[in-house]
């Protein structure tokens, strides 16, 4: 019986002999050991490969590194969640800043006291480089008592609520400024357009009782919001105001500018207080959230 070339039987044509069972057993055992080491080696390589993939995924996902930030936590959907380290603030809306013009146009908002102290509280009227000491103030809810001529009817027909006056004087000239309040800007504008500017002068404090009585003086009127303002300016010695002179003209212009400034400041003061209230309310809501 022949086992073919290289078989366990030697000689041409082969010769029969008894197999070396011990050698065969040792060879089989050696083969089994080699197979077991191959399986173990393959398992180790597989574990190392998986570890390499996980490490690469962590690095790609922004994991911890020297100088790096905190790593994101994977979510169930496979997407990285944002780090929950940002401060949160309550969503509190703050209204836009109040408009000062609204507070001198709307009687419901224009609730600050209207007195000589609130309008003409400064002892000196300062306009640019010019300054004039205040000599007297007065207020009345009977607006006709502080007017003369055609202005009396204009104030009456348009519902004047109050008229506040102040007089300023320096260098032989003086000006009386009057501020009248109405229910609406339309009423104040109507009085302005009627151009009946006969404000009653307010003497006192060195200004004679006949100031701007019986001689020519500079007069003017204007309006802003629900306020109309008037002025009458002239010389203390009874000299007529003519277009060519400058002192009475200057104090008249300054008086008009001052009246406008005082009315608009009234609106600004009330708007600022309203803004402070709004801010406190917003802060209170934020604290409760």
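Residue numbers (our numbering): 1451 to 1739. From the three backbone atoms N, C-alpha and C, an ideal C-beta is built for every residue, glycine too.
Report the residue from the options whose alpha carbon sits nearest the alpha carbon of residue i.
| i | options | result |
| --- | --- | --- |
| residue 1553 | 1595, 1719 and 1699 | 1719 |
| residue 1686 | 1662, 1706, 1611 and 1559 | 1662 |
| residue 1614 | 1669, 1631 and 1584 | 1631 |
| residue 1606 | 1682, 1578 and 1638 | 1638 |
| residue 1566 | 1549, 1628 and 1550 | 1628 |
| residue 1689 | 1712, 1704 and 1668 | 1668 |
| residue 1586 | 1722, 1573 and 1557 | 1573 |
| residue 1708 | 1550, 1564 and 1577 | 1577 |
| residue 1579 | 1611, 1704 and 1652 | 1704 |
| residue 1593 | 1621, 1697, 1562 and 1680 | 1680 |
| residue 1560 | 1727, 1716 and 1641 | 1716 |
Mapping DSSP to helix, strand and coil, what is residue i?
| i | result |
| --- | --- |
| residue 1594 | helix |
| residue 1603 | helix |
| residue 1561 | coil |
| residue 1571 | coil |
| residue 1717 | helix |
| residue 1635 | helix |
| residue 1609 | coil |
| residue 1643 | helix |
| residue 1566 | helix |
| residue 1550 | helix |
| residue 1737 | helix |
Across which residues does DSSP place residue i in a beta bridge pair?
| i | result |
| --- | --- |
| residue 1649 | 1597 |
| residue 1576 | 1581 |
| residue 1655 | Paired residue(s): none; residue 1655 is not in a bridge. |
| residue 1586 | 1617 |
| residue 1630 | 1613 and 1678 |
| residue 1624 | 1619 and 1684 |
In the DSSP assignment, the beta strand (DSSP E) including residue i goes from what residue to what residue?
| i | result |
| --- | --- |
| residue 1619 | 1612-1620 |
| residue 1554 | Here residue 1554 belongs to no beta strand (DSSP E), and DSSP marks it neither H nor E. |
| said: Which runs of the beta strand (DSSP E) at least 3 residues long sit entirely within the region 1659-1711? Give them in chain order. | reply: 1668-1674 and 1677-1685
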